[in-house]
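Participant: Going by numbering that gives the first Met the number 0, the first sequence opens with residue 0, and the numbers climb by one from there.
Don't be surprised by glycine CBs; every beta carbon is placed ideally from N, CA and C.
What you are looking at is a predicted structure, and each value in this text was computed from that prediction instead of being measured.
This structure is in structure tokens; I'll ask about it shortly.
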Amino acid sequence: MAARFGLPLRWPLGIAPDALIGRTVQGVGRRGKYLLMSLDEGVLLLHLGMSGRLVFGRELASAGRHDHMDLETTQGTLRLHDPRRFGAVVWTSGLDVPPASTLLHRLGVEPLSDAFEPRAFHAALRLRRAAIKQVLLAGDVVVGVGNIYASEALFEAGIRPTVRADRLSLARVERLHGAIRSVLERAVELGGSTLRDFANPFGETGHFQLDAAVYGRCGQACLQCGTPIRMVRQGQRSTYFCPACQRS
DNA sequence: CTATGGACCTGAATGC
DNA sequence: TGCATTCAGGTCCATA
């Protein structure tokens with residue numbers, strides 16, 4: 000394969016783009032929100048940030064203002080489109096050495112794996128005094144729970160987003176564990192969330208937001224009890240919750 | 001070590 | 001209409 004790069008992304012690629020000429024893609028994986036593309040020599044880490052989108056095709060239109068990478072392969076071209084450029088494409092010689100190890104080493108457990116287990120989750124939360132919503136977002140206990148899904152999972156579990164993580168009983172953490180799993184599984188089924196112009200490589204938008212119980216519904220009636228949904232700010236991010244269904 | 005606020009960057013929506 | 005302000009799905013980094 001070969002690659003063309005435009006404006007800088009979050010970090011530099013780490014090698015000369017020409018070093019990718021002739022490499023072969025051997026497989027694709029994921030860790031947290033990083034995509035891992037293993038090559039016959041090294042691994043490409045890709046991250047979509049907040050506004051990134053991948054497009055794949057054999058005859059793509061000429062690159063536009065926000066198209067920052069074209070990865071040309073014998074099967075077609077993988078294009079990264081990312082208006083905000085919070086995304087990244089980084090080459091690493093292996094996952095256990097920098098830069099990959101630096102980026103991945105603090106990531107929490109995968110929520111849909113067997114390693115995500117209520118008692119361990121509870122034990123990890125007991126070490127944290129920050130608000131449960133912020134601990135979920137931090138991603139160092141469990142990964143994959145972004146701003147939308149954190150609000151949704153806490154609603155499903157009946158937990159106030161501002162409660163300290165270390166104050167949650169095992170029983171409540173068990174509910175949260177189940178809620179995170181069910182929210183993420185449903186989101187995957189629905190093809191993810193689309194607030195604005197997000198789309199998969201085939202141009203299809205996700206439908207999770209049509210399904211959101213609290214996210215983006217400030218002032219609207221709670222679907223469970225009719226109480227108006229409230230919005231608060233936690234660490235510069237919006238959090239939505241029902242003040243009646245999530246009393247503590 | 002944990003917790004917090006700022007930083008990165010652009011575009012769309014909102015307010016005066 | 002025009003211009004300024006606010007907000008957006010992430011996460012790293014410096015500071016306390």
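1) Run through DSSP, which three-state label would Ser-61 get?
2) Among all the DSSP beta bridges, which residues are the ones paired with Ala-220?
3) If you measure between the beta carbons of Leu-79 and Arg-57, is that distance less than 9 Å?
4) Pick helix, strand or coil for Val-162, following the three-state DSSP scheme.
5) Answer yes or no: do Met-68 and Phe-120 have a C-beta to C-beta separation smaller than 9 Å?
6) Where does the unbroken beta strand (DSSP E) through Gly-177 begin, and where does it stop?
7) Helix, strand or coil, according to DSSP, for Val-89 in the structure here?
8) Which same chain residues end up closer than 8 Å to Val-24 when comparing Cβ atoms and leaving out the 5 residues on each side of it in sequence?
9) Do three or more CB pairs link the stretch 6-18 to the stretch 80-94 at distances below 8 Å?
10) With DSSP as the reference, label Glu-40 as helix, strand or coil.
Facilitator: Let me lay it out:
1) Position 62 of the first sequence, counted from the first residue, corresponds to residue 61. In the structure shown, Ser-61 sits in coil (DSSP, three-state: anything other than H, G, I, E or B).
2) As a first step, residue 220 must be located in the first sequence, where it is residue number 221. Paired residue(s): Pro-227.
3) The residue given as residue 79 occupies position 80 in the first sequence. The residue given as residue 57 occupies position 58 in the first sequence. No, the pair does not count as a contact, with Cβ atoms beyond the cut-off.
4) The sequence position of residue 162 within the first sequence is 163, counting from 1. Three-state DSSP puts Val-162 in coil, outside helix and strand.
5) Taking the first sequence and counting its residues from 1, one reaches residue 68 at position 69. Taking the first sequence and counting its residues from 1, one reaches residue 120 at position 121. No; because the gap between Cβ atoms is not below 9 Å, this pair is not in contact.
6) To locate residue 177, count along the first sequence from 1; it is residue 178. Careful: Gly-177 lies outside any beta strand (DSSP E), inside the alpha helix (DSSP H) at 169-188.
7) By one-based count along the first sequence, residue 89 stands at place 90. Strand, per DSSP.
8) Taking the first sequence and counting its residues from 1, one reaches residue 24 at position 25. The residues are Met-0, Met-36, Ser-37, Leu-38 and Thr-72.
9) yes
10) Indexing the first sequence from 1 puts residue 40 at position 41. Coil, per DSSP.
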